[in-house]
Amino acid sequence: MRIAIIGTGYVGLVSGACFADFGHEVTCVDKDESKITALNRGQIPIYEPGLVALVATNAKTGRLNFTMDPTTPVAEADVVFIAVGTPSRRGDGHADLSYVYAAAREIGSALSGFTVVATKSTVPVGTGDEVERIIRETNPAADFVVASNPEFLREGAAIRDFKFPDRVVIGTSDERGRKMMGDIYRPLSLNQAPLMFTERRTAEMIKYAANAFLATKITFINEIADLSEKVGANVQEVARGIGLDNRIGAKFLHAGPGFGGSCFPKDIRALTKIAQDHDVQLRIVEAVLAVNENRKRAMARKVSLALGGALRGKTIGVLGLTFKPDTDDMREAPSIPLITGLLDMGANVRAYDPAGMEQARFELPSIEYCEDAYACAERADVLVIVTEWVQFRALDLDRLKGTMAQPIVVDLRNIYRPEDMLAAGFVYQSVGISSSPRS
Ligand SMILES: NC(=O)c1ccc[n+]([C@@H]2O[C@H](COP(=O)([O-])OP(=O)(O)OC[C@H]3O[C@@H](n4cnc5c(N)ncnc54)[C@H](O)[C@@H]3O)[C@@H](O)[C@H]2O)c1
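Going letter by letter, the sequence shown gives residues 213 to 651 in this note's numbering.
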């Protein structure tokens with residue numbers, strides 16, 4: 213089948229490469245000339261494990277193409293996916309739908325023959341209605357169906373998530389639309405992925421509800437971590453103890469510096485705004501957002517306390533900048549408010565991240581970037597682990613200690629065992645684990 217994807221970012225590029233790998237003919241479209249030029253040269257503009265090889269293999273077969281002009285790919289497509297960004301609108305937190313609507317207009321003027329227009333971007337309930345209206349207005353004769361097909365992939369594990377999803381949600385009540393979308397995703401049925409067909413508005417709601425629920429789990433365990441620290445409990449064991457209960461589940465129960473990233477913060481903001489517009493108050497979701505915002509900045513105070521509350525003139529090494537490992541995405545990363553807080557308190561910050569430093573330089577221009585973890589620890593009064601990249605999990609502790617001004621580690625991801633760090637001569641603080649355990 214023929215597919216056009218409008219927007220070749222994290223979602224569009226991964227989806228396009230995976231669909232091509234299933235055997236479909238895919239054209240990825242993007243307005244960003246530098247992205248398309250790079251892709252046509254075989255360079256991948258984002259860091260995502262496995263993506264370089266997947267794109268190269270499928271581009272070579274001719275099944276995966278890149279262009280800035282949507283006209284021909286949209287006209288030839290059976291399904292056109294909208295995968296453009298839906299960032300928070302400046303000032304009010306609503307989802308900014310201007311990219312989606314612009315894409316809808318471009319699609320409308322190029323459609324030819326029966327086509328499904330499927331929205332992969334995360335959009336507020338009812339956006340599908342407006343996309344349909346725009347396309348109809350642009351091209352009254354077009355034969356099309358607008359479906360919602362929210363994407364659940366996680367950066368860092370995006371290819372696996374796309375190919376082995378827990379479920380695929382397809383929101384349309386149109387029979388031709390359901391059949392076409394079923395055909396597109398048929399290769400996944402080999403992997404037993406359930407296709408779930410719903411009404412369009414329900415599919416749009418599922419995506420926001422899923423993200424809000426996951427963010428609630430994270431925020432819940434973060435609050436339990438704070439209490440655990442105070443009462444002498446170990447939050448990792450608490451998380452395991454509750455997570456083994458199937459009704460709760462073990463995932464998204466890792467205490468840390470608060471959630472960030474390209475999706476959770478903006479989607480949760482947008483969900484609270486949708487609710488307000490409908491005179492519904494989502495108090496749990498609002499609390500999750502507020503608690504998480506406070507937490508990110510509070511992490512700077514946690515680092516300050518590790519140095520007795522005075523950071524002026526001190527050197528802080530920060531390991532990990534991206535919002536999670538295995539991505540170069542810096543959008544709303546917890547490292548940003550943390551480092552800004554440290555700088556506000558007068559500290560000098562040196563940082564290292566395996567993939568995110570190029571992006572980070574835009575957000576954090578006034579810190580020093582280092583070439584590896586040990587260089588980052590040099591002369592540091594405290595080393596803060598912010599992102600749990602696998603290469604930070606087995607650092608040479610003697611070497612680290614030898615290079616630091618003071619052997620103090622604040623581990624915001626709990627990747628080391630307190631007893632190992634103490635044995636290696638470090639003052640070690642983690643999240644939700646009391647530094648003086650009681651029996
Ligand atoms: N990143 C994730 O992990 C993830 C996961 C699930 C869902 N989503 C959702 O998917 C959507 C896309 O997210 P992303 O992270 O891939 O965004 P992104 O910012 O990485 O990519 C969006 C791309 O769309 C392009 N674009 C914008 N308008 C265009 C137009 N009219 N024509 C062609 N290209 C256009 C931009 O140049 C950009 O390259 C968002 O709604 C997001 O919430 C993201």
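Yeah, the Cβ is synthetic: ideal placement off N, Cα and C, and Gly gets one too.
For G383, which option in K391, R301 and I528 has the closest C-alpha, if you only look at C-alpha atoms? K391
Sorted by chain position, which residues of the same chain lie with C-beta nearer than 6 Å to A572's C-beta, five sequence neighbours on each side aside? L533 and M542
Taking the beta carbon of D612 as the centre, do at least 16 other beta carbons fall within 10 Å, making it buried, or is it exposed? What sits at residue 612 in the sequence shown is Leu, not Asp. By the neighbour-count rule (16 or more Cβ atoms within 10 Å), L612 is buried.
What residues are listed by DSSP as bridge partners for C240? I217 and F278
Of all the options L465, V530 and L365, which has the alpha carbon lying nearest to the alpha carbon of C588? V530
May I ask you to check if the CB of Y311 is nearer than 6 Å to at least one heavy atom of ligand 1? yes
Sorry if obvious, but does the Cβ on V223 come closer than 6 Å to a heavy atom of ligand 1? yes
Take every Cβ of the region 239-248, pair it with every Cβ of the region 280-292, and state whether three or more of those distances are shorter than 8 Å. yes
Please report how far the alpha carbon of S651 lies from the alpha carbon of V443, in whole angstroms. Reliability fails at S651, whose pLDDT of 47 lies under 50, so the model's placement of it is uncertain and the value that follows must be treated cautiously. Cα to Cα, S651 sits roughly 11 Å from V443.
Leaving out five residues on either side along the sequence, give the residues of the same chain with a beta carbon under 8 Å from the beta carbon of T273. A232
Report, in whole angstroms, the separation of the C-beta atoms of T339 and T331, which I expect to be a contact under 8 Å. 7 Å
I need the straight-line Cα distance from I579 to A467, nearest angstrom please. 27 Å
Taking H306 as the reference, which of V335, V264 and G473 has the closest Cα? V335
How far does the alpha helix (DSSP H) with L426 in it extend, from its first residue to its last? R412 to V443
Name the two residues that bound the continuous alpha helix (DSSP H) containing G383. That residue, G383, is in no alpha helix (DSSP H); its beta strand (DSSP E) goes V380 to G383.
From E446 to T410, what distance separates their C-alpha atoms? As written in the sequence, residue 446 is Asn, which differs from the Glu given in the question. Each residue's Cα considered, the two are about 42 Å apart.
What is the residue span of the alpha helix (DSSP H) that V447 lies within? V447 to G455
Any non-hydrogen atom of ligand 1 closer than 6 Å to A315 Cβ: yes
Taking C-beta to C-beta, are L494 and A487 nearer than 7 Å? yes
Take the Cβ of S642 as the centre, count every other Cβ of all protein chains shown within 10 Å, and call the residue buried at 16 or more, exposed below. buried
Taking 6 Å as the cut-off, is the C-beta of T284 nearer than that to any heavy atom in ligand 1? no
Where does D623 fall in DSSP's three states? strand
Own chain partners of G235 with C-beta closer than 8 Å, once the 5 adjacent residues on each side are dropped: R275 and P399
Roughly how many whole angstroms lie between the Cα atoms of C230 and K429? 30 Å
D539 versus T239, E260 and G219, residue with shortest Cα-Cα distance: The sequence shown places Thr at residue 539, not Asp. Measuring from the Cα of T539, the nearest candidate turns out to be E260.
Rounded to the nearest angstrom, what separates N504 and P352 at their Cα positions? 46 Å
Measuring alpha carbon to alpha carbon, tell me which residue in S401, E544 and V329 is nearest G473. E544
Can you tell me the Cα-Cα spacing of C475 and M417, whole angstroms? 15 Å
Give the single residue among A563, F574, E570 and G568 whose Cα lies nearest to the Cα of Y586. A563
Residue closest to E237, alpha-carbon to alpha-carbon, out of V292, I256, A250 and G262: V292
Who are the near neighbours of G320 in its chain, counting only those whose CB is closer than 7 Å to its CB and skipping five residues on each side? I346, I347, T350, N351 and A354
Nearest candidate by alpha-carbon position, reference F535, set G568, L519 and D556: G568
Quick check for students: name the residue ranges of the beta strand (DSSP E) that lie wholly in the region 506-576, counting only runs of 3 or more. 527-531 and 560-564
Compute the Euclidean distance between the alpha carbons of G325 and M393, then round it to the nearest angstrom. 16 Å
Quick one: Cα of A295 to Cα of D304, how far? 23 Å
Residue environment, P577, which counts as buried when at least 16 other CB atoms sit within 10 Å: exposed
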